[in-house]
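First up is the structure itself, then whatever we jot down about it.
Protein chains: 2
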Amino acid sequence: MSKGKISPLNSHGTITLRAVAEHVGLAPGTVSAVLNNAPSARSIPEHTRQRIHAAAKELKYRPNFLARSLRKQRTYTVGLILEEIGDSYGSMIISGVEAYLREKNYFFLTVIHRHDATMLRDYSQLLLERGVEGFVTVDTSFQEAPPLPTVCVAGHRALKGVTNIILDQEQGIRMGPEHLVRLGHRKIAFIRGPKTLGDSAPRWQGVRSFAKSVALELDPRLIVDLPESGDPISSFEAGYKLTEELIKSKRSVTALMAFDDMTAFGAIRALAKAGLRVPEHCSVIGFDDVAACSLYTPPLTTIRQPMEAMGAMAANLAIERINAVLEKREIAAVHRKMAPELAVRESTRSLL
Amino acid sequence: MSKGKISPLNSHGTITLRAVAEHVGLAPGTVSAVLNNAPSARSIPEHTRQRIHAAAKELKYRPNFLARSLRKQRTYTVGLILEEIGDSYGSMIISGVEAYLREKNYFFLTVIHRHDATMLRDYSQLLLERGVEGFVTVDTSFQEAPPLPTVCVAGHRALKGVTNIILDQEQGIRMGPEHLVRLGHRKIAFIRGPKTLGDSAPRWQGVRSFAKSVALELDPRLIVDLPESGDPISSFEAGYKLTEELIKSKRSVTALMAFDDMTAFGAIRALAKAGLRVPEHCSVIGFDDVAACSLYTPPLTTIRQPMEAMGAMAANLAIERINAVLEKREIAAVHRKMAPELAVRESTRSLL
DNA sequence: TCCCGAAGTTCGATTTAAATG
DNA sequence: GCATTTAAATCGAACTTCGGG
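Here the protein sequences come in this chain order: A and B. Quick note, the first sequence lines up with residues 1 to 352 if you use this note's numbering. Quick note, the second sequence lines up with residues 1001 to 1352 if you use this note's numbering.
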């Protein structure tokens, strides 16, 4: 057809800008300017604007996201890259990310690479093609810095240009032994993290510095290390085994501090198997505060990572950095430290 | 500028179709046809095709998703609507959805409406604007059927046109009492679901029919109902309270079957508080198999919902229905039943 | 008529320069 | 020249129509 009567509606029956324009008898450009409150619409008289707004509302006009994005070169979308999601860690982070992005009218595309480094490369490429404007990663370390603003939660490594959300491990971990000592414990066993894990060293550093400050003796025979492993569930089993051995060694212990909640759950099971009750025979304290902690019998005392807050902060920083790039502002990769807090429940008891 | 030398690269330095075309000295349309293996490219000689493919590879050409989507009116994106995500239920479903969609080269946009019905309307509108081609919902009931293919997991209600992933509750639940009876239990307490919840009735129906088949007496004094509530954590507390009352009543019970795992955890805590051990004094069985079950002390015997499989199935059906709509095929809203399975752990023991 | 490919239109919105009274 | 509005170019790819040898 050359020029005949063209329907303002497209083939799918959606209301387009043109439909609104024809309805009010104006040009699409005019309608666009008004609806977006563009500077070029300054001169358009109030009465015309109202007509346009009324028409848009009446026709239930919704701008086409794809068309708009294509033109403005903006998608208001970030890529969320997770290693895993079955654990409560990942999902709590998502929750925080979602809440923040939703509020800012951003969306996110999720990929889970399930411990596969090759997938990670492919997936970030796919996200790039989809036009994401930045990345938020959880427990994922890039080999090289991505070409977009990137904020990492957990599992981070120093990469120039990427911002890390860091838990203040050293300060946070102190709350554990501090709590135990306050309750009168002195014979404390420790299950440390795997030597290869970045989190392990600063945490132990925190314990040591606290121990020194209160002259608490750290008995090397009561200190064991989690073996290296990629699998989160494995720390449960490792916690079980290590505690079992500790029990067999018959060393006197009144409290046990585990590297994380999974390890603590494993330890509690081992204690129970040996006929030892928590906290009556041994206090146990974990780290993370996963969902199961408060449901556990006994409810687990633990050091809480503010996971939702960390997710929200990650989203916040991502948007901030996206804007910086758009405005060609230079912005340093500031790392944000988040403070953990002690969640006292019933797996620890006073000896006093 | 009027017509001078136009750079094939756009302002962001991305490689466009035109860039590839200029590189090989052909028209963009030709390149497009070849790269997409379009029917119109049939006649293009092999040698030209190779030149084009080589150039595309060399320049690392990636088609612009927005432009392509706009033109083809396809986004390969579905909207994932969740009520909540902190619990392991939501995240396991996501995991299944993600795995399936990823394989089919779809993406998904996530919104969490956090028990707010108003939000739900707004959010599905937003997803629509973003061009999603279908919905997958978890524990979310629309007031009216959405204008796109929709598949619901959990919390569904009969709405014409929407497909539900249904757990075969009636058959599944039988496995609970069956297991207990096989272990020699006869005095079994039941904590049923809230009367207002759709799942409750069929499950109880399953228990009753099984009881009848083995002449198991269901003592009404051992049957209690969870109160109505939107909050998942509340079933933990309700389980605790109801069990506490049951204990106080001093009725003889050797096993307890809870409506879900949360309720079971609450029950176990109440038993522990009363000095009763699981499974020595009382066996306990749950429903769902959330992540905490296997970590619990004792590990909880439960009836597993195949959550990842349900998520994958939902994604599967969603894509199937999206394709049906595109091909203008009529497709009935087939509901898919998934079979739960019994996960025997250590919270149940044999009396024989 | 076949072979090969170019040119132009479309998707829907934004934005510039230009035109009308 | 001023206030209003419009036509046309653009974003990047895909599809349809045409045309030269």
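Note that the Cβ used here is the ideal one computed from N, Cα and C, for glycine as well.
Compute the beta-carbon to beta-carbon distance between residue i and residue j, rounded to the nearest angstrom, for a pair I have assumed lies under 8 Å.
| i | j | result |
| --- | --- | --- |
| A/V162 | A/A333 | 6 Å |
| B/V1253 | B/K1187 | 5 Å |
| A/R269 | A/Y240 | 6 Å |
| A/T118 | A/L82 | Not really, about 16 Å apart at Cβ, beyond 8 Å. |
If we ignore side chains and look at the alpha-carbon of each, how far apart do residue i and residue j end up?
| i | j | result |
| --- | --- | --- |
| B/L1180 | B/P1298 | 17 Å |
| A/E341 | A/E170 | 12 Å |
| B/S1213 | B/T1196 | 27 Å |
| A/M262 | A/L246 | 17 Å |
| B/T1016 | B/L1066 | 12 Å |
| A/L19 | A/A56 | In the sequence as displayed, the identity of residue 19 of chain A is Ala instead of Leu. So the alpha carbons of these two residues sit roughly 9 Å apart. |
| B/A1033 | B/E1129 | 29 Å |
| A/T14 | B/D1087 | 38 Å |
| B/C1282 | A/L120 | 47 Å |
| B/H1185 | B/V1284 | 11 Å |
| A/I191 | A/R74 | 48 Å |
| B/G1029 | A/L70 | 19 Å |
| A/P147 | A/S124 | 10 Å |
| B/D1231 | B/R1049 | 60 Å |
| A/H113 | A/D122 | 9 Å |
| B/L1026 | A/P63 | 35 Å |
| B/R1221 | B/R1208 | 15 Å |
| A/K337 | A/K328 | 26 Å |
| A/V151 | B/E1046 | 45 Å |
| A/R157 | B/L1256 | 48 Å |
| A/G155 | A/I319 | 21 Å |
| A/V24 | A/I44 | 14 Å |
| B/E1346 | B/T1301 | 6 Å |
| A/I233 | A/G286 | 15 Å |
Cβ of residue i less than 8 Å from any chain A Cβ?
| i | result |
| --- | --- |
| B/T1297 | yes |
| B/I1386 | With chain B covering 1001 to 1352 only, the question about residue 1386 of chain B has no answer from this structure. |
| B/S1095 | yes |
| B/G1275 | no |
| B/L1066 | yes |
| B/R1130 | yes |
| B/I1112 | yes |
| B/P1147 | no |
| B/S1069 | yes |
| B/A1343 | no |
| B/A1291 | yes |
| B/R1062 | yes |
| B/A1215 | no |
| B/A1272 | yes |
| B/E1098 | yes |
Is the CB-CB distance between residue i and residue j below 8 Å?
| i | j | result |
| --- | --- | --- |
| A/P202 | A/P227 | no |
| B/L1183 | B/L1352 | yes |
| A/G206 | A/A339 | no |
| A/P149 | A/I322 | yes |
| B/I1165 | B/M1313 | yes |
| B/V1325 | B/Y1089 | no |
| A/E133 | A/V97 | no |
| A/G438 | A/I52 | Only positions 1 to 352 of chain A appear in the structure, and residue 438 of chain A is not among them; the question remains open. |
| A/N105 | A/Y61 | no |
| B/A947 | B/A1258 | Lying before the first or after the last residue shown, residue 947 of chain B is absent from chain B, which here runs from 1001 to 1352. |
Would you verify that the beta carbon of residue i is, or is not, closer than 8 Å to some beta carbon of chain B?
| i | result |
| --- | --- |
| A/R269 | yes |
| A/S235 | no |
| A/R349 | no |
| A/A19 | no |
| A/I191 | no |
| A/G90 | yes |
| A/R102 | yes |
| A/F265 | yes |
| A/D231 | no |
| A/F108 | yes |
Just to check, is the beta-carbon of residue i closer than 7 Å to a non-hydrogen atom of the ligand NAD?
| i | result |
| --- | --- |
| A/I94 | Looking at this structure, you won't find the ligand NAD or any other ligand, since it has none at all. |
Give the single residue among the options whose Cα lies nearest to the Cα of residue i.
| i | options | result |
| --- | --- | --- |
| B/L1101 | B/L1080, B/K1057, B/T1301 | B/L1080 |
| A/F108 | A/R121, A/L127, A/S88 | A/L127 |
| A/E280 | A/I44, A/A21, A/R349 | A/R349 |
| B/F1265 | B/E1103, B/A1274, B/H1115, B/F1236 | B/F1236 |
| B/L1218 | B/P1177, B/S1249, B/H1115 | B/P1177 |
| A/V153 | A/L276, A/L167, A/N36 | A/L167 |
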